[in-house]
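Student:
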Amino acid sequence: MAKKSIAAVDVKDKAVFIRVDFNVPLDDNGNITDDRRIQMALPTIKSVLDRGGKVILASHLGRPKDAPDPVFSLKPVAERLAKLLGKPVDFAADTVGTDAQAKVAALKDGGVLLLENLRFQSGEKKGDETFAKTLAAFSDVYVNDAFGTCHRTDASMYAVPLAMGSKPKVCGFLVEKEIKYLSDVLAKPQRPFIAIIGGKKVSDKIMVIKNLLGICDKVLIGGAMSYTFSLAKDEKVGKSLVEADKVDLAKELMVLGGDKLVLPVDTHCGDAFKSDCNKKIVKAGEIPADFEGLDVGPETAKMYAGIVREAKTVVWNGPMGVSEMPPFDEGTKMVAQAIADSGAISIIGGGDSAAAVQKLGFADKVSHVSTGGGASLEMLEGKKFAAVDVLDNE
Ligand code: AMP
Numbered sequence: 081m082a083k084k085s086i087a088a089v090d091v092k093d094k095a096v097f098i099r100v101d102f103n104v105p106l107d108d109n110g111n112i113t114d115d116r117r118i119q120m121a122l123p124t125i126k127s128v129l130d131r132g133g134k135v136i137l138a139s140h141l142g143r144p145k146d147a148p149d150p151v152f153s154l155k156p157v158a159e160r161l162a163k164l165l166g167k168p169v170d171f172a173a174d175t176v177g178t179d180a181q182a183k184v185a186a187l188k189d190g191g192v193l194l195l196e197n198l199r200f201q202s203g204e205k206k207g208d209e210t211f212a213k214t215l216a217a218f219s220d221v222y223v224n225d226a227f228g229t230c231h232r233t234d235a236s237m238y239a240v241p242l243a244m245g246s247k248p249k250v251c252g253f254l255v256e257k258e259i260k261y262l263s264d265v266l267a268k269p270q271r272p273f274i275a276i277i278g279g280k281k282v283s284d285k286i287m288v289i290k291n292l293l294g295i296c297d298k299v300l301i302g303g304a305m306s307y308t309f310s311l312a313k314d315e316k317v318g319k320s321l322v323e324a325d326k327v328d329l330a331k332e333l334m335v336l337g338g339d340k341l342v343l344p345v346d347t348h349c350g351d352a353f354k355s356d357c358n359k360k361i362v363k364a365g366e367i368p369a370d371f372e373g374l375d376v377g378p379e380t381a382k383m384y385a386g387i388v389r390e391a392k393t394v395v396w397n398g399p400m401g402v403s404e405m406p407p408f409d410e411g412t413k414m415v416a417q418a419i420a421d422s423g424a425i426s427i428i429g430g431g432d433s434a435a436a437v438q439k440l441g442f443a444d445k446v447s448h449v450s451t452g453g454g455a456s457l458e459m460l461e462g463k464k465f466a467a468v469d470v471l472d473n474e
């Protein structure tokens with residue numbers, strides 16, 4: 081059942097607690113190197129402010145050890161948020177302590193307050209009820225807009241909405257869009273429905289491949305993980321990256337997938353892991369002993385692009401080769417181009433495939449680029465998220 085959105089809640093004169101994902105990368109001097117996560121939360125924050133509500137923001141940052149640590153303070157985030165919003169953002173020097181209590185009490189309609197790092201409190205990772213009750217008491221409405229943390233049951237994700245009782249607990253715009261694409265679209269896909277799964281290790285994506293084999297018309301495999309499948313067929317993989325201990329698993333997936341599981345037919349390989357190595361294109365499973373597979377070959381890229389162009393729904397996670405090292409980005413580029421050309425509902429899982437789509441300038445040609453690495457993979461595995469289930473239904 082669809083989850084209720086913040087758009088459907090009257091927030092006038094209300095205190096709205098928004099669990100955001102402000103876990104931004106910082107350099108050695110504590111400067112924010114990429115503020116996309118802050119930018120992504122803006123639509124939800126602005127919507128509450130524009131409708132006369134006041135906003136209390138909470139997030140984790142990094143991995144502090146259950147105690148305050150200045151390295152992981154959210155203060156620089158409050159400053160960046162103020163710049164992006166074009167209005168002052170108050171900052172509480174603690175999460176649920178005297179400063180937070182006082183600043184929550186003093187917050188006026190149209191005001192914004194960011195609490196200090198949730199993980200400075202041991203109760204956050206433990207899902208502690210007392211900690212959750214204190215946070216829940218700060219507000220009239222709970223909003224989950226932290227997709228990157230939705231697969232977790234930290235206090236702010238699960239115990240806080242639970243402690244809200246009959247008060248509204250809803251999703252923000254970011255989480256709403258992620259659920260729409262990664263869960264709702266996949267539940268009723270338009271067909272043909274094609275998945276493309278690449279990247280390094282088959283072991284990281286076993287559950288994703290299994291789940292997608294159950295719902296897709298075809299699952300196309302690329303990246304280094306395809307060489308573990310080659311090994312499972314007793315083929316030659318040279319010095320390619322393989323997971324020799326996962327051969328049985330690859331065999332199991334091939335049996336399960338049958339014709340649905342499509343493997344590369346050729347390989348672009350090199351004699352060293354660098355752009356200017358000696359290169360060769362060989363048939364899949366015929367990689368010479370002193371070479372390693374670094375990308376799918378041109379025949380595979382053409383075949384995969386052809387399948388993708390006919391698709392009505394496409395899900396893509398993981399590059400077809402070493403996409404950060406040209407010319408071994410060719411296969412990934414061809415797949416990305418085919419997705420952009422297909423007109424299909426297209427969902428790009430986080431991580432390297434999302435980066436490839438951004439770099440190639442196709443981000444606005446796909447339906448959805450997921451913002452969550454672990455969370456989007458777990459949603460593609462078909463897992464239920466307690467942090468989402470606990471929210472109100474529409
Ligand atoms: P993943 O995080 O599992 O999606 O894997 C992404 C990483 O896999 C990227 O850093 C790619 O460079 C790497 N990768 C993909 N294909 C290959 C390959 N054939 N050999 C080595 N690394 C690869």
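The sequence shown begins at 81 in my numbering and counts up one residue at a time. For each residue, glycine too, the CB sits at the ideal point set by N, CA and C. In this text the structure is predicted, and so the values were computed from the model without any measurement.
1. When you measure from the CB of Val288 to every non-hydrogen atom of the ligand AMP, does any distance come out below 6 Å?
2. Find out if the Cβ-Cβ distance for the pair Val221, Val96 is shorter than 7 Å.
3. If I measure Cβ to Cβ from Arg271 and keep anything under 8 Å in the same chain, skipping five residues before and after, which residues do I get?
4. Report, in whole angstroms, the separation of the C-beta atoms of Asp432 and Met400, which I expect to be a contact under 8 Å.
5. Based on the DSSP secondary-structure assignment, which residues constitute the bridge partners of Gly95?
6. The ligand AMP and Gly303: does any heavy atom of the ligand fall closer than 6 Å to the residue's C-beta?
7. What residue from Val151, Leu129, Asp146 and Val250 has the CA that sits closest to Val473's CA?
8. Which complete beta strand (DSSP E) runs does the region 276–354 hold, if anything under 3 residues is left out?
9. Under the rule that 16 or more other beta-carbon atoms within 10 Å means buried, what is Asp356, buried or exposed?
10. From what residue to what residue does the beta strand (DSSP E) around Thr412 run?
11. Is the region 95–110 in contact with the region 438–449, if contact means three or more CB pairs nearer than 8 Å?
12. What residues match up with Tyr384 in a beta bridge as DSSP calls it?
13. With Leu457 as the anchor, note down where its alpha helix (DSSP H) starts and where it stops.
14. Following the continuous beta strand (DSSP E) through Lys360, name the residue where it begins and the one where it ends.
15. If you count every other CB in all the chains shown that lies within 10 Å of the CB of Lys413, and 16 or more means buried, which is it?
16. Which whole-angstrom value describes the C-beta separation of Val317 and Gly373, a residue pair presumed to lie in contact below a C-beta threshold of 8 Å?
17. Report the three-state DSSP secondary structure of Gly228 (helix, strand or coil).
18. In terms of residues, what are the limits of the alpha helix (DSSP H) holding Asp432?
19. Reducing DSSP to helix, strand and coil, say where Lys84 ends up.
20. Assess, as a yes-or-no matter, whether the region 173–190 is touched by the region 111–124 under the definition of 3 or more beta carbon pairs within less than 8 Å.
21. What residue does the alpha helix (DSSP H) around Ile259 start on, and which one ends it?
Tutor: Working from what's here:
1. no
2. yes
3. Asp297, Lys392 and Thr393
4. Met400 and Asp432 do not touch by the CB rule: their CB atoms are close to 10 Å apart, not below 8 Å.
5. Reading off the sequence, residue 95 comes out as Ala, not Gly. According to DSSP, which records beta bridges pairwise, Ala95 is partnered with Lys134.
6. yes
7. Before going on, a small fix: residue 473 reads as Asn here, not Val. If we check each option's Cα against that of Asn473, Val250 comes out closest.
8. Taking only runs of at least 3 residues, the beta strand (DSSP E) segments lying wholly in the region 276–354 are 298–301 and 346–350.
9. exposed
10. Note, Thr412: premise wrong, no beta strand (DSSP E); alpha helix (DSSP H) at Glu410 to Ser422.
11. no
12. None, per the DSSP bridge assignment.
13. Gly453 to Leu460
14. Run containing Lys360: Lys359 to Lys363, per the beta strand (DSSP E) assignment.
15. buried
16. The C-beta distance from Val317 to Gly373 rounds to 7 Å, short enough to meet the 8 Å contact threshold.
17. helix
18. Asp432 to Lys439
19. In the three-state reduction of the DSSP assignment, Lys84 falls in the coil class, being assigned neither a helical nor a strand state.
20. no
21. Phe253 to Ile259
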